[in-house]
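Comments concern the structure below.
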Amino acid sequence: MITDEQLLKIDSYCDEFGSQYLDVKEEVQDHLISFVENEIEENVIDFEHAYKKMKEVFPKEEFNMIIKSKKICLEKKYTKLIENEFLTFFNPPKIFLTIGLILTACFFPLIKTIIHKDFQVIILIAFLITLYVIIYPRLKRLQSFNDSKKKPLLSVKVKSRYEIFVRIVIILLHLSNTIRFFISDFSAIYLFKSFNPENKLTYFNLMLILVVLTFMFGWASVVVRDKMYEKIRNDYPSAFA
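Every letter in the sequence shown is one number past the one before it in this note's numbering, and letter 105, counting from 1, is 112.
Written as C-alpha cells, this is what we have:
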C-alpha cells in the first residue's frame, strides 16, 4: 500500500511533465501508481526501487505518449457518454410526447385559433425560456467550479463542445421561427408552399412545430448537461471547491 507521502512523490513527477488538464493528470497518475504497486508486489522491492524503475520506464518521451493516449481515451469516453445520455433521454414516453405535440401543432384547430393572433408573443416567450435554461444553470455552476485555482478539465471541455453545439441548434431553430418577420410574407409563404404544394400544412403549423422541436431539444440538452456535470464532479472532486 502506497503512503500519502509516496503519492505526493509520484504526483510531483507527474507535475514535472504534466498535462494542462487535471483529469488527464489524474488518469496518468493512476497509471503510474498501478505500475509502482505492481512492481512492489511482484518483485518484492521497496517503494524507492519501484519509483526509480518507474522513472526509467516512463521518461519524458514515454510520459508524453501516455498523456496523449489518456487524452484520446477521455475525449472518447465523455463524447460517448454524452451521446448515450442524449439517446437515453428520448425514451418511448418522450418520443410519444414529441409526436403528440407535433400532431397537436399540425391538426388541432382550436389551438391554432387561440394562438395565431399572439404568435409573436409565443415566439418571444419560447426564446426567453430557452435562454434561461441555457444560461442560468451555467452561471450557477461557475460559482462552484473554481477554475482559477485548479487546472481545467478535459471532460469539461468535451461537455462545453456539446453545449456549444446545442446552442447553435437552438439558435437555428429560433431563427427559423423568426425569419418570417425579417422577410416579406409573400417570400416566406412562397418558399414554404414550394415544399408544401398540397397546402396540407399552413406556415403557422410549421412555425409551431419548430417551437415544439426547440422545446424538446432544449429540455434534452439541460438534462444531459446536468447528468454530465454530476458525472464529472463525482469522477474528479478535487477540481471542485
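Positions of the beta carbon are idealized from the N, C-alpha and C atoms, including for glycine. This structure is a prediction, so every number in the text was calculated from the model and none was measured.
Alpha carbons only, please: which of the options is nearest the one belonging to residue i?
| i | options | result |
| --- | --- | --- |
| Phe172 | Leu14, Ile89, Ser26 and Thr10 | Ile89 |
| Leu217 | Ser167, Val165, Phe65 and Thr105 | Thr105 |
| Lys166 | Lys101, Tyr85 and His56 | Tyr85 |
| Glu170 | Thr221, Leu108 and Ser228 | Ser228 |
If you follow the alpha helix (DSSP H) that residue i is part of, which residue opens it and which one closes it?
| i | result |
| --- | --- |
| Val35 | Leu29 to Asn50 |
| Phe54 | Phe54 to Val64 |
| Ser76 | Lys67 to Phe96 |
| Tyr20 | Asp11 to Phe24 |
Whole-angstrom Cβ separation of residue i and residue j, contact assumed at under 8 Å?
| i | j | result |
| --- | --- | --- |
| Val43 | Met61 | 5 Å |
| Ile17 | Ile40 | 6 Å |
| Ser162 | Leu110 | About 39 Å separates the two Cβ atoms, so there is no contact after all. |
| Ala112 | Leu215 | 4 Å |
Leaving out five residues before and five after residue i in sequence, what residues of the same chain have Cβ atoms less than 8 Å from its Cβ?
| i | result |
| --- | --- |
| Leu15 | none |
| Glu92 | Val230, Val231, Lys234 and Met235 |
| Val35 | Cys21, Gly25, Ser26, Phe70, Ile73, Ile74 and Lys77 |
| Lys164 | Tyr28 |
Between which residues of its own chain and residue i is the CB-CB distance below 7 Å, once the five residues before and five after are set aside?
| i | result |
| --- | --- |
| Leu160 | Tyr28, Leu29, Asp30, Ile239, Tyr243 and Ala246 |
| Glu33 | Tyr243 |
| Val176 | Phe224 |
| Lys59 | none |
| His38 | Ile73 |
| Phe193 | Confidence is the limiting factor: at Phe193 the pLDDT is only 43, short of 50, which leaves the residue's position unreliable, though a coordinate-based value still follows. Excluding positions up to five away in sequence, the list is empty. |
Sorted by chain position, which residues of the same chain lie with C-beta nearer than 6 Å to residue i's C-beta, five sequence neighbours on each side aside?
| i | result |
| --- | --- |
| Val219 | Leu108, Ile109 and Ala112 |
| Gln13 | Phe54 |
Are the stretch 21 to 31 and the stretch 48 to 58 in contact at 8 Å, needing three or more beta carbon pairs? Taking a contact to require three or more Cβ pairs closer than 8 Å, the stretch 21 to 31 and the stretch 48 to 58 do not qualify as touching.
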